[in-house]
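My numbering applies: residue 49 is where the sequence shown begins, and numbers increase by one. Backbone N, C-alpha and C fix where the C-beta goes; we use that ideal spot for every residue, glycine too. From a predicted model like this one, the values you see are computed outputs, not experimental measurements. Worksheet: the structure to be examined is printed underneath.
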Amino acid sequence: EKVEVRGEIYMSTKSFEQLNEQMKDDKLFANPRNAAAGSLRQKDARITATRHLDFFGYQIGYIQGMDFYLQSQALQLIRDWGFLVNPYIQLAKSLEEVMDYCQKWEKERFNLPYEIDGVVIKINDLAQQQELGTVARDPRWSIAFKYPPTQVATKLLDIRVNIGRTGSVNPWAALEPVNIRGVTVSRAALHNEGDVQRKDLRIGDWVLVQRAGEVIPQVVKPVEERRTGQEEVYHLPERCPLCDTPILRIPDQAMAYCPNEECPARNLESIIHFVSRGAMDIDTIGEKMCEQLVTTGYVKSVADFYTLTREQLLSLEGVKDRSADKMIAAIEASKHRNFWRLLIGLNIRYMGEKTAQIIASAFGNIDNLLVAGEAEIVGVPGIGPIIGQSVYNWLQAEKNRALIERLRQAGVNMQAEQQEETTGPLSGQSFLLTGRLNTMTRPAAEEAIVKLGGKIASGVSKSLNHLIVGEGAGSKLAKAQKAGVPIHDEQWLLDLLKEHESEV
Ligand SMILES: [Zn+2]
């Protein structure tokens with residue numbers, strides 16, 4: 049009479065590609081899984097309905113008035129009721145058959161119309177499932193077998209650099225175009241010169257490239273057997289390719305910088321950064337629009353956003369009445385962002401989200417920060433000398449003080465919100481997140497925990513209540529295991545948040 053069918057909502061590779069074609073450059077989804085999760089999280093269900101999502105049922109969560117004893121029976125019932133069940137599910141009679149199945153799909157998975165990163169192996173007998181039980185929230189009767197990411201060999205044609213918003217010199221690999229699972233890849237990020245040297249990448253090398261869930265592919269390593277001796281060792285250019293200023297290297301640091309504050313790349317990048325989601329979040333203005341605003345001279349500094357006129361916007365390519373109004377409304381709304389977002393938007397070297405939040409709550413407003421001495425900023429817990437000096441030096445520059453005054457005149461918020469201790473269902477519990485989450489960003493997860501009254505710990509200790517482990521977790525995981533801290537996965541956190549959502 050009553051039944052709950054559980055399953056997985058997914059997006060096919062084709063729908064994913066079509067969706068990304070419609071998205072703005074800075075809103076691209078990294079992979080179909082994120083696209084599916086993002087589509088489901090839309091506040092407006094009508095948007096969700098336009099995304100081409102599919103569903104496979106795989107489990108009966110609850111049932112009334114009917115008995116079954118095997119997972120395979122459950123699947124048959126789900127199928128009989130008219131739900132789609134993955135047609136490749138197979139009942140294996142021995143461990144050998146399980147292993148054959150895993151091996152077979154390692155290659156054949158590429159013929160599927162959707163991406164998979166592994167297969168799930170389940171015990172068929174429900175009584176045995178019961179007996180095996182669960183550890184934390186992970187069932188012992190169900191286990192995922194993961195495949196390694198696909199690597200493809202191609203030629204490294206050249207290594208070039210672009211200049212980031214803080215003047216950082218970022219090398220990237222120009223590759224002979226190669227197809228990795230339906231996506232043509234012709235460039236890959238290289239983090240810095242040290243990264244190139246560590247991997248011993250030489251121009252002209254054959255290299256292995258992989259896309260492991262990210263938009264930007266990675267160069268894994270050179271194929272040394274294919275070297276001919278013609279390959280060239282790479283060195284960073286001595287001068288900035290855009291403004292010819294000598295590149296600055298800081299001893300003991302991996303990064304190199306173009307120190308010219310007026311470097312054209314830097315200016316555009318810093319303007320794009322200001323409007324980005326992580327900073328002031330002016331969501332109707334994307335990269336292309338920033339480029340136009342800079343080339344027309346309407347925006348030379350981020351303060352110029354607040355003096356833009358409707359007429360100026362309408363004179364730009366592709367801007368109609370409605371979009372001009374939307375941009376003006378978004379710029380207006382950005383005046384009321386949290387103070388820490390402005391601190392990020394100001395483009396101070398090393399100023400990340402966490403740093404900005406710490407500084408905003410430590411000083412409370414811009415005036416306290418402007419009069420703070422170097423030692424005072426460096427001394428804030430969680431800041432330290434490198435970030436502290438960078439912030440202090442930035443604030444001392446005449447030009448930057450003038451920028452702050454212009455933003456203040458424009459009415460941009462420079463006051464931190466009152467710190468309030470939130471109480472809620474998670475009060476008294478401490479959490480720490482490590483690694484990358486799939487369904488949300490780490491700051492978003494932390495915010496959700498804090499909203500429910502939980503505390504975010506600064507590190508692993510015996511008193512930590514929960515460690516949430518995402519992909520690629522490192523030393524924190526090992527430490528927590530040693531300290532006997534309860535360890536959970538992302539799904540556990542999602543369930544926990546969902547469970548308490550209605551209580552707030
Ligand atoms: Zn430059």
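Indicate whether L204 and L249 have their beta-carbon atoms separated by less than 8 Å.
On the sequence shown, residue 204 is found 156 positions in, with the first residue counted as 1. On the sequence shown, residue 249 is found 201 positions in, with the first residue counted as 1. Taking 8 Å as the Cβ cut-off, L204 and L249 qualify as a contacting pair.
With a threshold of 7 Å, establish whether the CB of N218 neighbours any heavy atom of ligand 1.
For the purposes of this step, residue 218 is identified with residue 170 of the sequence shown, where counting begins at 1. Checking the Cβ of N218 against ligand 1 gives no.
What is the DSSP secondary structure of L474, counted as helix, strand or coil?
Here the question's residue 474 lines up with position 426 in the sequence shown. It is coil, neither helix nor strand.
Output yes or no for whether 8 Å exceeds the beta carbon distance between Q227 and W220.
In the sequence shown, counting from the first residue as 1, residue 227 sits at position 179. In the sequence shown, counting from the first residue as 1, residue 220 sits at position 172. The sequence given here places Asn at residue 227; Gln does not occur at that position. No, the pair does not count as a contact, with Cβ atoms beyond the cut-off.
Less than 8 Å between the CB atoms is what I'm expecting for V255 and A302, so what's the real figure, rounded?
By 1-based counting over the sequence shown, the position of residue 255 is 207. By 1-based counting over the sequence shown, the position of residue 302 is 254. Rounded, the Cβ-Cβ distance is 20 Å, inconsistent with contact.
Would you be able to state if there are at least three C-beta pairs under 8 Å between the stretch 484-492 and the stretch 420-437?
The stretch 420-437, when compared against the stretch 484-492, does not touch it at the 8 Å Cβ threshold.
Whole angstroms are fine: how far does the CA of N461 sit from the CA of E468?
For the purposes of this step, residue 468 is taken as the residue at position 420 of the sequence shown. For the purposes of this step, residue 461 is taken as the residue at position 413 of the sequence shown. Low local confidence applies: a pLDDT of 49 at E468 is under 50, so the model's placement there is unreliable, with the coordinate-based value given in what follows. Using only the alpha carbons, I get a separation of about 19 Å.
In chain order, which continuous runs of the alpha helix (DSSP H) of length 4 or greater are located wholly inside the stretch 375-458?
Taking only runs of at least 4 residues, the alpha helix (DSSP H) segments lying wholly in the stretch 375-458 are 387-393, 401-411, 414-419, 422-426, 432-444, 446-458.
Following the continuous beta strand (DSSP E) through G55, name the residue where it begins and the one where it ends.
Counting from 1 along the sequence shown, the entry for residue 55 is found at position 7. 51-59 is the extent of the beta strand (DSSP E) around G55.
Taking only three categories from DSSP, how would you classify D148?
Reading the sequence shown from its first residue, position 100 is the one you call residue 148. D148 falls in the helix class under three-state DSSP.
DSSP puts H514 in a beta bridge; with which residues?
Along the sequence shown, one-based indexing puts residue 514 at 466. According to DSSP, which records beta bridges pairwise, H514 is partnered with F479.
Where V419 and L394 are concerned, what is the direct C-alpha to C-alpha distance, given to the nearest angstrom?
Within the sequence shown, numbered from 1, the residue matching residue 419 stands at position 371. Within the sequence shown, numbered from 1, the residue matching residue 394 stands at position 346. The alpha-carbon atoms of V419 and L394 are separated by roughly 17 Å.
Hey, would you say the C-beta of P304 is under 7 Å away from at least one heavy atom of ligand 1?
Numbered from its first residue, the sequence shown carries residue 304 at position 256. According to the sequence as given, residue 304 is Ala; it is not Pro. It does not: the Cβ of A304 is nowhere closer than 7 Å to a heavy atom of ligand 1.
Pull up the distance between the alpha-carbon of V271 and that of D206, whole angstroms please.
If you number the sequence shown from 1, residue 271 lands on position 223. If you number the sequence shown from 1, residue 206 lands on position 158. Computed Cα separation, rounded: 16 Å.
Does DSSP classify R94 as helix, strand or coil?
As a position in the sequence shown, residue 94 is number 46, starting the count at 1. Here R94 sits in helix by DSSP.
Cutting at 6 Å between CB atoms, please list the residues of its own chain near E547, excluding the five before and the five after it.
For the purposes of this step, residue 547 is identified with residue 499 of the sequence shown, where counting begins at 1. If we look at E547 and ignore the five residues flanking it on each side, it has no Cβ neighbours.
Do you know how far the Cα of T332 is from the Cα of S371?
Counted from its first residue, the sequence shown places residue 371 at position 323. Counted from its first residue, the sequence shown places residue 332 at position 284. Each residue's alpha carbon lies about 8 Å from the other.
At a threshold of 7 Å, does T61 count as lining ligand 1 (C-beta to nearest heavy atom)?
Position 13 of the sequence shown, counting from 1, holds the residue named residue 61. No.
Start and end of the beta strand (DSSP E) containing I298?
By 1-based counting over the sequence shown, the position of residue 298 is 250. Unbroken run through I298: none, as it is neither H nor E.
Using the DSSP secondary-structure output, state which residues sit across from K203 in a beta bridge.
Your numbering for residue 203 matches position 155 in the sequence shown. DSSP, once it has assigned bridges, lists W254 as partnering K203.
Rounded to the nearest angstrom, what separates E56 and D148 at their Cα positions?
The residue given as residue 56 occupies position 8 in the sequence shown. The residue given as residue 148 occupies position 100 in the sequence shown. C-alpha separation (whole angstroms): 24 Å.
Consult DSSP for N159 and reduce its assignment to one of helix, strand or coil.
For the purposes of this step, residue 159 is taken as the residue at position 111 of the sequence shown. DSSP places N159 in helix when its eight states are reduced to three.
Can you give me the start and stop residues for the beta strand (DSSP E) that H536 sits inside?
Indexing the sequence shown from 1 puts residue 536 at position 488. Counting along the chain, the beta strand (DSSP E) containing H536 begins and ends at 535-537.
With a cut-off of 8 Å, do at least 3 Cβ pairs link the stretch 87-97 to the stretch 123-137?
Cβ pair count under 8 Å is below three, so no.
From which residue to which residue does the beta strand (DSSP E) around I330 run?
Numbered from its first residue, the sequence shown carries residue 330 at position 282. That residue, I330, is in no beta strand (DSSP E); it is neither H nor E in DSSP.
Since A493 and L485 are thought to touch, with beta carbons under 8 Å apart, how far apart are those beta carbons, to the nearest angstrom?
As a first step, residue 493 is located in the sequence shown; it is residue number 445 there, counting from the start. As a first step, residue 485 is located in the sequence shown; it is residue number 437 there, counting from the start. Confirmed, about 6 Å.
List the endpoints of the continuous alpha helix (DSSP H) containing Q245.
Taking the first residue of the sequence shown as position 1, residue 245 is located at position 197. Where Q245 is concerned, the enclosing alpha helix (DSSP H) stretches over 241-246.
Would the beta-carbon of L296 fall within 8 Å of that of Y305?
By 1-based counting over the sequence shown, the position of residue 296 is 248. By 1-based counting over the sequence shown, the position of residue 305 is 257. The answer is yes: Cβ separation under 8 Å.
Quick one: what does DSSP say D102 is sitting in, helix, strand or coil?
Along the sequence shown, one-based indexing puts residue 102 at 54. Strand at D102.
List the whole-angstrom C-beta distance separating S120 from L139, where the pair is believed to meet the contact cut-off of C-beta under 8 Å.
The sequence position of residue 120 within the sequence shown is 72, counting from 1. The sequence position of residue 139 within the sequence shown is 91, counting from 1. About 5 Å; that satisfies the 8 Å criterion.
Mind checking who V460 pairs with in its DSSP beta bridge?
One-based indexing of the sequence shown puts residue 460 at position 412. None; V460 has no bridge partner.
Whose C-alpha, out of P265, K269, Q258, is nearest the C-alpha of Q245?
By 1-based counting over the sequence shown, the position of residue 245 is 197. Of P265, K269, Q258, the residue nearest in Cα terms is K269.
Provide the residue span of the alpha helix (DSSP H) that contains E495, from first to last.
The residue given as residue 495 occupies position 447 in the sequence shown. Where E495 is concerned, the enclosing alpha helix (DSSP H) stretches over 490-499.
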